[in-house]
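Here's the structure we're looking at; comments come further down.
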Amino acid sequence: MFRKVKTQFSLRSPASVGADTAPAPDLARRVLLARGCSGPEAEAWLEPPAPELADPFTLKGMREAVACLLPLVQTGKPILIHGDYDTDGVTAAALLQLFFTSLKLPVEVCIPNRLTDGYGLSAAGVSLAVRQGVSAVVTCDCGSSSPEACEQLQAAGIAVVITDHHTCPPVLPTAAALVNPHQPGETATFTAYSGAGVALKLCQALSLALDQPDSYKAFMDLAAIGTVGDVMPLRGENRQIVRLGLALLRQNPRPGLAQLLQLIRVPAEKVDAWTIGHQLSPRINAAGRLGDSQTACQLLTTADEQEAASLARHLEEQNHQRQELVTQAGAEARQQLALQPDQISHACLVLAHDTWPVGILGIVASRLSEDYACPCVVLGPEPAEEPEEGGTVAAAGGRKLLRGSARSYGKIDLLALLESARDLTVHLGGHPQAAGLTLEQDRLPDFRARLAAAADQLPLTQFAAGDRQLADCMLWPSDLTLEQANRLDALGPFGQDNPEPLFLLQAVTLRQPRLMGSRQEHLKAVPEWSGQLWPQTAVLFFGLQPADMPLQQDGCRVDILAALKINEFRGQKELQLLVSAYRLLSDAASVAAAAASDQPATPRPLPLDGPETDRLALISQLLTLTPAWGAAEIGAVLGLDYAELLPDKQLLADSWRCLQQLLQNGPRRLSLDELSDSLTRLYNSKHNAYQLACCLKIFAQAGLLALRRLPAEELVLAIKPVRTKVDLYATQIYQDLRGKKTPDKPSGG
Numbered sequence: 000m001f002r003k004v005k006t007q008f009s010l011r012s013p014a015s016v017g018a019d020t021a022p023a024p025d026l027a028r029r030v031l032l033a034r035g036c037s038g039p040e041a042e043a044w045l046e047p048p049a050p051e052l053a054d055p056f057t058l059k060g061m062r063e064a065v066a067c068l069l070p071l072v073q074t075g076k077p078i079l080i081h082g083d084y085d086t087d088g089v090t091a092a093a094l095l096q097l098f099f100t101s102l103k104l105p106v107e108v109c110i111p112n113r114l115t116d117g118y119g120l121s122a123a124g125v126s127l128a129v130r131q132g133v134s135a136v137v138t139c140d141c142g143s144s145s146p147e148a149c150e151q152l153q154a155a156g157i158a159v160v161i162t163d164h165h166t167c168p169p170v171l172p173t174a175a176a177l178v179n180p181h182q183p184g185e186t187a188t189f190t191a192y193s194g195a196g197v198a199l200k201l202c203q204a205l206s207l208a209l210d211q212p213d214s215y216k217a218f219m220d221l222a223a224i225g226t227v228g229d230v231m232p233l234r235g236e237n238r239q240i241v242r243l244g245l246a247l248l249r250q251n252p253r254p255g256l257a258q259l260l261q262l263i264r265v266p267a268e269k270v271d272a273w274t275i276g277h278q279l280s281p282r283i284n285a286a287g288r289l290g291d292s293q294t295a296c297q298l299l300t301t302a303d304e305q306e307a308a309s310l311a312r313h314l315e316e317q318n319h320q321r322q323e324l325v326t327q328a329g330a331e332a333r334q335q336l337a338l339q340p341d342q343i344s345h346a347c348l349v350l351a352h353d354t355w356p357v358g359i360l361g362i363v364a365s366r367l368s369e370d371y372a373c374p375c376v377v378l379g380p381e382p383a384e385e386p387e388e389g390g391t392v393a394a395a396g397g398r399k400l401l402r403g404s405a406r407s408y409g410k411i412d413l414l415a416l417l418e419s420a421r422d423l424t425v426h427l428g429g430h431p432q433a434a435g436l437t438l439e440q441d442r443l444p445d446f447r448a449r450l451a452a453a454a455d456q457l458p459l460t461q462f463a464a465g466d467r468q469l470a471d472c473m474l475w476p477s478d479l480t481l482e483q484a485n486r487l488d489a490l491g492p493f494g495q496d497n498p499e500p501l502f503l504l505q506a507v508t509l510r511q512p513r514l515m516g517s518r519q520e521h522l523k524a525v526p527e528w529s530g531q532l533w534p535q536t537a538v539l540f541f542g543l544q545p546a547d548m549p550l551q552q553d554g555c556r557v558d559i560l561a562a563l564k565i566n567e568f569r570g571q572k573e574l575q576l577l578v579s580a581y582r583l584l585s586d587a588a589s590v591a592a593a594a595a596s597d598q599p600a601t602p603r604p605l606p607l608d609g610p611e612t613d614r615l616a617l618i619s620q621l622l623t624l625t626p627a628w629g630a631a632e633i634g635a636v637l638g639l640d641y642a643e644l645l646p647d648k649q650l651l652a653d654s655w656r657c658l659q660q661l662l663q664n665g666p667r668r669l670s671l672d673e674l675s676d677s678l679t680r681l682y683n684s685k686h687n688a689y690q691l692a693c694c695l696k697i698f699a700q701a702g703l704l705a706l707r708r709l710p711a712e713e714l715v716l717a718i719k720p721v722r723t724k725v726d727l728y729a730t731q732i733y734q735d736l737r738g739k740k741t742p743d744k745p746s747g748g
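For the record, in the sequence shown the residue sitting at position 712 is 711 according to numbering that gives the first Met the number 0, with numbers rising by one throughout.
Okay, structure coming up:
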């Protein structure tokens with residue numbers, strides 16, 4: 000469930016301290032206390048969800064929507080549901096289709112094609128509505144930004160009811176009703192609905208108007224999938240919708256969902272929000288990413304078991320195809336960066352390829368932005384046009400177009416960044432975290448250069464992405480019980496704004512470690528903790544990397560950040576600690592300090608460490624003092640000898656070999672500690688942080704290495720191809736550090 004990450008972590012504060020000393024033995028209540036929730040609020044959080052949702056008529060535009068649609072329901076006039084191609088839009092459309100069909104209303108459904116129709120109320124939908132002679136079009140998860148399409152429908156005598164949840168444009172479309180919690184003048188208490196959530200509220204309002212107040216509840220499962228799939232906050236009414244929807248899914252899943260669950264080997268009674276977000280939603284999304292989402296909508300609405308099985312298999316195949324395309328595109332993107340490593344030194348990446356399908360570009364951009372800690376734009380050929388020879392695409396006037404997706408990173412306003420190059424684009428739209436764009440292919444170099452220059456001016460603080468993970472509270476030996484783990488379920492469902500509780504365990508010794516998985520990529524161990532072996536509890540690390548080799552040694556000691564879960568297999572229940580992050584403890588003193596401390600142990604220190612010291616900032620400041628200052632002068636300030644600052648021949652050679660090994664698969668993101676740990680483990684190197692930073696700067700100045708600094712002492716690094724021998728000692732920075740002294744005979748990189 001968790002992607003194992005070696006990172007910094009700490010307790011939440013200040014409430015976590017109170018949670019750790021609170022007399023309440025209930026672990027769930029301690030978590031709530033750590034999150035600032037106590038008293039009646041905590042008790043309400045732990046109660047089962049109320050079966051009734053809030054009054055839907057508090058939403059602006061809902062009365063007008065019911066006034067428009069109720070007469071059509073009563074007279075049996077046909078309508079068209081227009082959805083969107085992602086999980087939220089598809090589940091919303093399926094929900095409305097099934098609801099109106101249950102009222103005996105003739106319903107047509109239009110799910111736009113991502114590749115040819117794009118986002119919004121599509122021309123295909125307008126054409127279908129006119130051809131079918133429907134009385135109204137009800138949009139879901141779209142419509143707020145489609146004034147022209149609304150005008151065309153109303154000119155044809157077709158009423159338009161918009162249900163949506165996206166940010167509203169300055170000028171709203173004219174419609175019979177607009178239900179969007181984010182429209183100007185909204186007064187509802189809760190507004191963070193998904194598109195499927197807004198559609199559910201419309202069904203609730205119509206149920207009340209028809210004096211059938213419970214009829215909408217049969218579709219809560221689809222609203223739950225849309226809410227989780229669109230990564231909406233699982234608080235307030237969203238949490239209520241998802242809890243009630245999960246109960247439906249577990250008790251009696253729809254035929255299509257039952258078939259999907261069977262394919263992914265998840266029993267219905269075990270479905271949770273994680274299952275929705277990581278297994279069901281990607282499969283529903285897969286159809287739209289490759290073109291046609293109508294298949295996914297049919298899967299959700301069919302009552303025929305045979306058809307459901309066939310559609311589920313089709314979606315599974317499309318999901319495999321999508322995964323392969325994403326993997327291939329990701330590998331090709333990294334290969335581009337390996338061949339163009341100078342891109343790594345800039346704070347924005349722009350990558351393009353003639354064969355990348357438009358439907359997967361958002362996923363690729365998102366993964367690259369996380370891997371390299373910067374905004375990323377990924378472009379492929381415009382699918383609306385016919386490819387010419389060579390794979391490029393020609394638009395009207397002979398222009399060759401690229402279409403793509405962009406994703407932000409940290410606190411960066413992506414749309415504001417892209418505005419710096421708007422004049423180079425044919426189309427640009429989106430929001431601060433994600434955007435879509437089209438540009439002429441011959442403008443790609445200028446576009447890349449413009450964005451790189453703008454991103455390089457952004458302050459480093461905007462690249463902070465909250466990589467420090469937070470433990471809700473400490474875990475104590477008395478907490479390792481099935482009863483305590485069971486109580487945590489009452490805090491769910493877990494997802495956006497209500498994360499899975501994570502606990503800090505200090506000074507854990509791993510015993511009997513063994514690798515698992517088809518590729519031996521996971522590790523399971525028995526914890527020895529607080530002076531006791533816990534054979535009925537397993538510690539699980541997922542997705543091991545080469546740097547995680549120390550975990551395989553019996554007796555390895557770590558601080559861990561983990562979720563407490565129960566695994567049931569063949570009638571036997573086992574407690575599991577699913578590790579989200581860990582920190583190696585390298586010596587007995589560190590373990591003793593960790594056990595005695597109320598705070599997490601610090602990472603294995605390098606010289607120049609200090610409380611709250613940003614070593615990279617310090618090192619950067621010191622290095623900018625050269626050539627006025629050499630190593631001797633800097634050492635005098637720091638109280639270190641000359642030899643403790645200047646990297647020698649052996650350290651330079653070991654550092655370069657270590658970098659070549661770590662970066663052999665292309666550019667990557669590394670912390671100063673990870674680099675130091677690898678250097679020590681592989682070459683038994685003795686060094687300090689200043690020497691290591693000097694090595695990196697020397698390699699960069701010699702043209703061997705591209706690097707970019709990140710917050711939290713991280714770097715993005717890439718090897719640059721060099722065909723000639725390089726004299727590291729001849730670099731200006733080395734000469735400056737030596738104080739202009741004549742160096743020993745150098746060796747190359």
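Think of the CB as a built atom: it goes at the ideal place given N, C-alpha and C, for glycine as much as any other residue.
If you run the structure through DSSP and keep just helix, strand and coil, what is Phe-698?
Here Phe-698 sits in helix by DSSP.
Nearest-angstrom Cβ-Cβ length linking Gln-95 and Val-72, presumed shorter than 8 Å:
Checking the sequence shown, residue 95 turns out to be Leu, not Gln. About 12 Å; that fails the 8 Å criterion.
So for Ser-448, helix, strand or coil by DSSP?
For the sequence presented, residue 448 should be read as Ala rather than Ser. In the structure shown, Ala-448 sits in a helix (DSSP, three-state: H, G or I).
Could you pull the start and end residues of the alpha helix (DSSP H) that Tyr-682 belongs to?
From DSSP, the alpha helix (DSSP H) with Tyr-682 extends over 671-682.
Tell me whether Gly-389 is buried or exposed, calling it buried when 16 or more other Cβ atoms sit within 10 Å of its Cβ.
Reliability fails at Gly-389, whose pLDDT of 37 lies under 50, so the model's placement of it is uncertain and the value that follows must be treated cautiously. Counting Cβ neighbours within 10 Å, Gly-389 comes out exposed, since fewer than 16 surround it.
Chain-order list of residues whose beta-carbon lies under 6 Å from that of His-686 (same chain, five-residue window excluded):
If we look at His-686 and ignore the five residues flanking it on each side, its Cβ neighbours are Leu-650.
Suppose the cutoff is 7 Å on Cβ atoms and the five residues either side in sequence are ignored; what does the same chain contact list for Ala-155 look like?
For Ala-155, the CB contacts under 7 Å within the same chain, skipping 5 residues up- and downstream, are Val-129 in chain order.
Among the residues of its own chain, which have a CB less than 6 Å from the CB of Asp-116, if the five just before and after it don't count?
Answer for Asp-116: Ala-123, listed in chain order.
Residue range of the alpha helix (DSSP H) that Val-227 falls in?
219-228 is the span of the alpha helix (DSSP H), which, as asked, contains Val-227.
Answer with yes or no whether the minimum CB distance from Val-129 to chain B is below 8 Å.
Of the protein chains in the structure, only one exists, and it is not chain B.
Do the CB positions of Pro-492 and Leu-256 come within less than 8 Å of each other?
No. Outside cutoff.
With DSSP run on the structure shown, which of helix, strand or coil describes Met-231?
Under the three-state reduction of DSSP, Met-231 is assigned to coil, being neither helix nor strand.
Measure from the alpha carbon of His-426 to the alpha carbon of each residue in Leu-378, Cys-472, Arg-321 and Gln-468, then state which is nearest.
For His-426, the closest C-alpha among the options Leu-378, Cys-472, Arg-321 and Gln-468 is that of Leu-378.
On a Cα-Cα basis, can you pick out the residue from Glu-331, Lys-59, Gln-250 and Asp-412 that is closest to Ala-204?
For the residues Glu-331, Lys-59, Gln-250 and Asp-412, the minimum Cα distance to Ala-204 belongs to Lys-59.
Residues in the same chain with beta-carbon distance under 7 Å from Cys-694, minus the five sequence neighbours each way, listed in chain order, please.
Only Pro-646, Leu-650, Leu-651 and Ser-654 meet the Cβ criterion.
Is it buried or exposed for Asp-743, if we count other Cβ within 10 angstroms and need 16 for buried?
At Asp-743 the pLDDT is 49, less than 50, meaning the model places this residue with poor confidence; the figure from the coordinates comes in the next sentence. Exposed: under 16 other Cβ atoms inside 10 Å.
Ends of the beta strand (DSSP E) at Pro-754?
Past the edges of the chain, shown from 0 to 748, lies residue 754, and the structure says nothing about it.
Compare the C-alpha of Pro-498 against each of Phe-541, Ala-561 and Val-725 and name the closest.
Measuring from the Cα of Pro-498, the nearest candidate turns out to be Ala-561.
Own chain residues within Cβ distance below 7 Å of Leu-336, not counting five before or after:
Cβ within range, chain order: Gln-342, Ile-343, Gly-665, Pro-666 and Ala-717.
I need the straight-line Cα distance from Ile-411 to Asp-213, nearest angstrom please.
A direct Cα-to-Cα measurement between Ile-411 and Asp-213 gives close to 44 Å.
Using a threshold of 8 Å, state whether the C-beta atoms of Ala-91 and Cys-139 are closer than that.
Yes; because the gap between Cβ atoms is below 8 Å, this pair is in contact.
Expressed to the nearest angstrom, what Euclidean distance is found between the alpha-carbon atoms of Gly-196 and Val-715?
One alpha carbon belongs to Gly-196, the other to Val-715, and they sit about 40 Å apart.
Once DSSP output is grouped into helix, strand and coil, what is the label at Lys-648?
In the structure shown, Lys-648 adopts helical secondary structure according to DSSP, grouped into three states.
Start-to-end residues for the beta strand (DSSP E) that takes in Lys-200:
Not the beta strand (DSSP E): Lys-200 falls in the alpha helix (DSSP H), residues 194-208.
On the CB-based measure, 16 or more other CB atoms within 10 Å of its CB, does Arg-569 come out buried or exposed?
Only exposed fits Arg-569, as fewer than 16 other CB atoms lie within 10 angstroms of its CB.
Let me know if Ala-330 comes out buried or exposed under the rule of 16 or more other beta-carbons within 10 Å of its beta-carbon.
Exposed, since its Cβ has fewer than 16 Cβ neighbours within 10 Å.
Would Arg-447 pass as a contact of Ala-506 if the rule is Cβ separation under 8 Å?
No, the pair does not count as a contact, with Cβ atoms beyond the cut-off.
Pull up the CB-CB distance for Asp-558 and Leu-503, whole angstroms please, since I reckon it's below 8 Å.
Cβ-Cβ separation between Asp-558 and Leu-503: approximately 7 Å, consistent with a contact (criterion under 8 Å).
Quick one: grab the DSSP three-state call for Ile-411.
Three-state result, Ile-411: coil.
Assuming Pro-172 and Ile-161 are in contact, meaning their beta carbons sit under 8 Å apart, how far apart are those beta carbons, in whole angstroms?
Their Cβ separation, rounded to whole angstroms, is 7 Å, which keeps Pro-172 and Ile-161 in contact under 8 Å.
Top-ranked residue by Cα proximity to Gln-660, from Ala-546, Leu-120 and Leu-350
Nearest C-alpha to Gln-660 among Ala-546, Leu-120 and Leu-350: Ala-546.
Which whole runs of the alpha helix (DSSP H) in the segment 78-163 are 4 residues long or more, in chain order?
Qualifying alpha helix (DSSP H) stretches, in chain order: 86-101, 122-131 and 146-154.
Meets three-Cβ-pair contact criterion under 8 Å: the segment 417-435 and the segment 674-685:
Between the segment 417-435 and the segment 674-685, the count of C-beta pairs closer than 8 Å stays below three; the two stretches do not touch.
Along the alpha helix (DSSP H) that carries Pro-526, what are the first and last residues, could you check?
Taken as a continuous stretch (DSSP letters only), Pro-526 belongs to no alpha helix (DSSP H), being part of the beta strand (DSSP E) at 521-528.
What do you reckon, are the CB atoms on Ser-407 and Arg-449 nearer than 8 Å?
No.
Evaluate contact between the segment 525-539 and the segment 258-278, counting only Cβ atoms and requiring at least three cross-stretch pairs below 8 Å.
Segments in contact, no.
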